[in-house]
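Colleague: Reading the sequence shown from the start, the letters are residues 107 to 217 in the working numbering.
Cβ coordinates follow ideal geometry from the N, Cα and C atoms, glycine included.
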Amino acid sequence: MKLNINPLNFKDYFEIFEPGVVRLKGYRIGIEHVIKSYQEGYSPEQIAQEYPGLNLEKIYATLTFYLHNKNAVDKYISELLSWTELRMQEDDKKTKPAAVKRIRKLQQLPF
Numbered sequence: 107m108k109l110n111i112n113p114l115n116f117k118d119y120f121e122i123f124e125p126g127v128v129r130l131k132g133y134r135i136g137i138e139h140v141i142k143s144y145q146e147g148y149s150p151e152q153i154a155q156e157y158p159g160l161n162l163e164k165i166y167a168t169l170t171f172y173l174h175n176k177n178a179v180d181k182y183i184s185e186l187l188s189w190t191e192l193r194m195q196e197d198d199k200k201t202k203p204a205a206v207k208r209i210r211k212l213q214q215l216p217f
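1. Verify whether the separation of the beta carbon atoms of residue 131 and residue 144 is less than 7 Å.
2. Quick one: give me the first and last residue of the alpha helix (DSSP H) that residue 208 is part of.
3. Rank 170, 190 and 178 by C-alpha distance to the C-alpha of residue 114 and give the top, closest one.
4. Only counting the same chain, and skipping five residues up and downstream in sequence, which positions put a Cβ closer than 6 Å to that of residue 172?
5. Between residue 218 and residue 153, how many whole angstroms is the CB-CB distance? I'm expecting something under 8 Å.
6. Please report how far the alpha carbon of residue 215 lies from the alpha carbon of residue 209, in whole angstroms.
7. At what residue ranges does the stretch 150 to 198 contain a whole run of the alpha helix (DSSP H), taking only runs of 4 or more?
8. Just to confirm, are residue 160 and residue 150 a CB contact at a threshold of 7 Å?
9. Just list the residues that DSSP pairs residue 130 with in beta bridges.
10. Thinking C-alpha only, which one of 155, 128, 183 and 148 is nearest residue 117?
11. Out of curiosity, what's the CA-to-CA distance linking residue 188 and residue 109?
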């Protein structure tokens, strides 16, 4: 009996955009969103409900990639969050203070 196995290929599941942002191939969803849900205790099936366009194969591929490269991916997410925060601060400087306060308040609301 012979088992033909197709190894997982990064490019089959993920795309890299500038500035090094990793998204699921064919979607505008960054891997950090799927990983955050996983870290919050969601199962792959629950994550699929949160992101109905993603099938379980893509979710499992993301989680497998994360678990296999945990330290590097955690560092990537940390750097991405820092970069995002810096961009938000830069945008805040360009926006009127009252609008910034309203936006920050809305970001803290549970959805």
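Modeller: Based on what the coordinates show:
1. no
2. 203 to 213
3. 170
4. 141 and 179
5. Given that the chain is displayed from residue 107 to residue 217, the structure contains no residue 218 and the question cannot be resolved.
6. 10 Å
7. 150 to 156 and 162 to 174
8. no
9. 120
10. 128
11. 45 Å
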